[in-house]
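Heads up, the sequence shown is in the UniProt record's numbering, so the first residue is 1 and it goes up one at a time.
Everything below concerns the one structure shown next.
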Amino acid sequence: MDSTDEEVTVGRSRGKEIALNVAAVAGLICIIATLASLIFGIKPLVFRSGSMEPAISTGALALAKTVPATELAVGDVISVDNDQGVRITHRVVELESAGADTVLATLKGDANNVADRLPYTITEADRVFASVGGLGYVVAWLSSPLATFLGGGLVGAVLVIAFGRTKDRRLENARAATTNDARVDADETCGELQEAHND
């Protein structure tokens, strides 16, 4: 094996190592996000409108945790479903008790001039505790069919890089060993011929 072959092998090995590390980190992030969601009840929310600007901009990713309605306070940003089943995430501007565990919550988007038309009767809500601007666009794209397809292709490529080249490496090693054996045999034969010629 000459130096060019060694450089190619080292380059492939380094590329393989980088690809595997990137895949491992991505996998770890997915596992952590899933565990956080399951263990702590954290839900990601993508803001598709500007009704909460400037506090939370369009395209932001917010994290929310489900809490009992009795734990809510005026000023909290919460996410609930309206009568049509549409998810609304606005700020609480008024709370009124409607029973033991039930609350009437009046909500208003920070960018809206008036509160939502009707109060929401709730026993629990998803209370926002953090948001990151622009990250919602990334999450929305990663949830798209194209991203799923590309992600599958990436997983396939990583598997090929990680495991697909082992057969080729074994063949290359066998060829190199055969070539080295042939060189040794040729050297020995030449040495014997030279000795015979000298006699």
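Note that CB positions come from ideal geometry on N, CA and C, so glycine has one too.
Note that the structure is predicted; figures quoted are calculated from it, not measured.
Between M52 and D126, the C-beta spacing is not below 8 Å. Residue range V103 to K108 is occupied by the beta strand (DSSP E) that includes L107. A Cβ-Cβ separation of about 6 Å places K108 in contact with R91 under the 8 Å criterion.
If you draw a straight line from the Cα of S13 to the Cα of G27, it is about 21 Å long.
The shortest C-alpha to C-alpha distance from V93 to any of L104, V155, G85 and S37 is the one to L104.
Judged by DSSP secondary structure, V86 falls outside any beta strand (DSSP E); it is assigned neither H nor E. The bridge partners DSSP lists for V128 are A64.
In the displayed model, S37 falls within a helix according to three-state DSSP.
When DSSP states are grouped into helix, strand and coil, S144 belongs to the coil group.
Under the three-state reduction of DSSP output, L45 falls in the strand class. A contact is defined here as three or more CB-CB pairs under 8 Å, and the segment 149-156 fails this definition with respect to the segment 69-89.
For D76, there is no enclosing beta strand (DSSP E), as DSSP marks it with neither H nor E.
Inter-residue distance for L35 and K43 is about 11 Å (C-alpha atoms, whole angstroms). Distance check between T102 and each of T89, P68 and S144 places P68 closest, using alpha-carbon atoms only.
If you compare the alpha carbons of V74, L159 and A98 with that of I122, the shortest gap goes to A98. By the criterion of a C-beta distance shorter than 7 Å, T70 is surrounded in its chain by D101 and V103, once the five residues flanking it on both sides are discounted. Counting C-beta pairs closer than 8 Å gives fewer than three between the segment 53-63 and the segment 16-32, which falls short of the contact rule.
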